[in-house]
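Enquirer:
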Amino acid sequence: GMPVEQNPPALSLYEGADSGLRCNFSTTMKSVQWFQQNHRGRLITLFYLAQGTKENGRLKSTFNSKERYSTLHIKDAQLEDSGTYFCAAANTGNYKYVFGAGTRLKVIA
Amino acid sequence: EAAVTQSPRNKVAVTGGKVTLSCNQTNNHNNMYWYRQDTGHGLRLIHYSYGAGSTEKGDIPDGYKASRPSQENFSLILELATPSQTSVYFCASGDEGYSDYTFGSGTRLLVI
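Quick mapping for you: the protein sequence lines, in order, are chains A and B. For the record, in the first sequence the residue sitting at position 103 is 103 according to my numbering, with numbers rising by one throughout. Add 1000 to a position in the second sequence, counting from 1, and you land on the number used in my numbering.
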């Protein structure tokens, strides 16, 4: 299967709602990144994790290398959170990040 | 402010022609990457580099060459462009080892 699988492929949230996105990995990964691609196509780095959990404002990400997954949690969703979210993970022994297919998020007023 | 700058922003090329996409970074990062983004595929790695003078094949290198003449510059070269290479191309830089990326704004290429 694909080395990086993202779920769900698409998601709609009302403003103020909370939700989570998930990436599953087919093999052990050394690190993971999360990106947001906005409506202009710009890729913005949200998190880089080699292990554990990081928080930044309304966003929180967790990476569990042993269990082969990472999550991105969005709290109190805002309209500007709309976009496509990608996770990318790097395998042992190289520094190449493989991307998932993305989750398209739409926040509704 | 450290940044990754791609040029051109948009390009229309003729089938069989040569196309060069340029990327410049002021992050002083060792690693640079070229990805293409197509609907349904996310981002796929074409070529990457660990430093000046080095280029490595990524996951989809066929039909592409890369050049890293300096720490700051990394080019992607399509010697004989084909319509299947119509895509959005992103350049990124990253520090040595595992690190977070900084992406450029992308180049939209149309091959007719």
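In this text, a Cβ means the ideal position worked out from N, Cα and C, and glycines have one as well.
(1) So, is LEU1110(B) buried or exposed, given that buried needs 16 or more other C-beta atoms within 10 angstroms?
(2) State the start and end residues of the unbroken beta strand (DSSP E) segment that holds ALA88(A).
(3) If the cut-off is 9 Å on Cβ atoms, which residues from the segment 14–44 of chain A count as contacting chain B, listed in chain order?
(4) Output, in chain order, the set of chain B residues within a Cβ distance shorter than 7 Å of GLY116(A).
(5) Assuming contact is defined by CB atoms lying nearer than 8 Å, are PHE63(A) and LEU1043(B) in contact in what I supplied?
(6) Please work out which residues of its chain come closer than 6 Å, Cβ to Cβ, to ASP76(A), disregarding the five sequence neighbours upstream and downstream, and give them in chain order.
(7) My output table needs one value for SER1084(B): the three-state DSSP class, helix, strand or coil.
(8) Identify each residue in the segment 70–88 of chain A for which the Cβ-Cβ distance to at least one residue of chain B is less than 8 Å, and report them in chain order.
(9) By the 7 Å beta-carbon criterion, what residues does the segment 1005–1025 of chain B contribute toward chain A?
(10) Report, in whole angstroms, the separation of the C-beta atoms of PHE1103(B) and PHE1090(B), which I expect to be a contact under 8 Å.
(11) Given a cut-off of 8 Å, decide if THR1086(B) and ARG1068(B) are closer than it, judged by their beta-carbon atoms.
(12) Comparing alpha-carbon positions, which option in THR1082(B), MET1032(B), VAL1012(B) and GLY1016(B) lies nearest THR1005(B)?
(13) Use the C-beta contact count for GLY1017(B): other C-beta atoms within 10 angstroms, 16 or more gives buried, fewer gives exposed.
(14) Under the three-state reduction of DSSP, which class applies to GLU1072(B): helix, strand or coil?
(15) Between which two residues does the beta strand (DSSP E) containing SER1067(B) stretch?
(16) For LEU1109(B), would you say it is in contact with chain A, using Cβ-to-Cβ distances shorter than 8 Å as the test?
(17) Would you mind telling me which residues of chain A sit closer than 9 Å to GLY1051(B), beta carbon to beta carbon, in chain order?
(18) Taking the straight line between their C-alpha atoms, what separation do you get for ALA89(A) and ARG42(A)?
(19) Would VAL107(A) and LEU13(A) be called neighbours here (beta carbons separated by less than 8 Å)?
(20) With a threshold of 8 Å between beta-carbons, can LYS60(A) be considered close to chain B, or not?
(21) Applying a beta-carbon distance threshold of less than 7 Å, which residues of chain B neighbour LYS54(A)?
(22) For THR1005(B), report the span of its beta strand (DSSP E) as first-last.
(23) Using a Cβ-Cβ cut-off of 7 Å (strictly less than) and excluding sequence neighbours within five positions of LYS1057(B), which residues of its own chain qualify?
Expert: Answer, in terms of the structure:
(1) LEU1110(B) should be labelled exposed.
(2) Note, ALA88(A): beta strand (DSSP E), 83–91.
(3) Per Cβ criterion, the list reads LYS30, SER31, GLN33, PHE35, GLN37, ARG40, GLY41, ARG42, LEU43 and ILE44.
(4) Any property of residue 116(A) remains undetermined from this structure, which presents chain A solely from 1 to 109.
(5) The answer is no: Cβ separation not under 8 Å.
(6) Take ASP76(A), set aside five residues on each side of it, and the residues of its chain with a beta-carbon closer than 6 Å to its own are GLY16 and ARG58, in chain order.
(7) DSSP places SER1084(B) in the helix class (H, G or I) of the three-state scheme.
(8) Residues passing the 8 Å Cβ filter: PHE86 and ALA88.
(9) From the segment 1005–1025 of chain B, no residue has a Cβ closer than 7 Å to chain A.
(10) So it is a contact: roughly 5 Å between Cβ atoms.
(11) Taking 8 Å as the Cβ cut-off, ARG1068(B) and THR1086(B) do not qualify as a contacting pair.
(12) Ranked by how close their Cα comes to the Cα of THR1005(B), the residues THR1082(B), MET1032(B), VAL1012(B) and GLY1016(B) have MET1032(B) in first place.
(13) Per the 10 Å Cβ criterion, exposed.
(14) Note: GLU1072(B) maps to coil in three-state DSSP.
(15) Residues 1065–1067.
(16) At least 8 Å separates the CB of LEU1109(B) from every CB of chain A.
(17) Those do not exist, as GLY1051(B) stays about 12 Å from chain A at its closest Cβ, beyond 9 Å.
(18) If you draw a straight line from the Cα of ALA89(A) to the Cα of ARG42(A), it comes to about 19 Å.
(19) Result yes, Cβ atoms of VAL107(A) and LEU13(A) sit closer than 8 Å.
(20) Residue-level contact by beta carbon fails for LYS60(A) and chain B, as no gap is shorter than 8 Å.
(21) None at all; the shortest Cβ gap to chain B is about 11 Å.
(22) 1004–1007 is the span of the beta strand (DSSP E), which, as asked, contains THR1005(B).
(23) Sequence-distant Cβ neighbours of LYS1057(B) in its own chain, meaning closer than 7 Å and more than five residues away, are HIS1047.
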